[in-house]
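Q: Let me begin by handing over the structure; questions about it come next.
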Amino acid sequence: MITMIAAAGENNELGKNNEMIWHLPDDFKRFKSITTGHHIIMGRKTFESFPKPLPNRVHIVITRQENYTKEGCIVVKSMEEALQIAPKNEEVFIIGGGEIYTLGLPYADKIYLTRVHGTFEADAFFPAINLDQWKISSSEYHPKDEKHTIDFTYETFLRK
């Protein structure tokens, strides 16, 4: 199963200048819980935004840069190559950024989307989810609290 996992604002904003534009500790915990032990597919810029590789995950990095290598990562040139390398009998996660989500959407079976309730200045965006092709299977609202300055909703979409 191929699953995309992302947090996006009301207008599908993902980030700006290769950084996230909100801080949601519970969403970070959820991301870690869901993706640990799995292969994660990402673009080079997303990978380079991490201080170090994420523990207990196999990193597949897509880049157009020739001769790009990173210790502990599998580097590929395309989404198709990334999906060929990923195991067929387990859940594989596409974790961003915007261009990689767009490339991955036709292959995805599931989307875990944290919808951040606000609009933000951004330069990277999640692709629009066509509700003719996807159905929402669960939705869990979280109001702002002492750790979260903005409301958000965990949404799970399944391909129809």
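Numbering (full-length UniProt numbering), first residue to last: 1 to 160. All C-beta atoms in this analysis are idealised placements derived from N, C-alpha and C, irrespective of residue type, glycine included.
1) Do the segment 53-62 and the segment 10-19 touch if we need at least three Cβ pairs shorter than 8 angstroms?
2) Looking at ILE95 and ILE111, is the spacing between their C-beta atoms short of 8 angstroms?
3) For ILE100, which option in GLU140, THR36, ASN67, GLU81 has the closest C-alpha, if you only look at C-alpha atoms?
4) Which one of ALA7, HIS117, PRO51 has the shortest CA to CA distance from ARG30?
5) If you compare alpha carbons, which of PHE47, PRO55, GLY118, HIS38 is closest to PRO87?
6) From the DSSP output, which residues share a beta bridge with LYS135?
7) Where THR102 and CYS73 are concerned, what is the direct C-alpha to C-alpha distance, given to the nearest angstrom?
A: Result, derived from the coordinates:
1) no
2) No. Outside cutoff.
3) Of the listed residues, the one whose Cα sits closest to ILE100 is GLU81.
4) ALA7
5) HIS38
6) Per DSSP, the beta bridge partners of LYS135 are LEU158.
7) 22 angstroms
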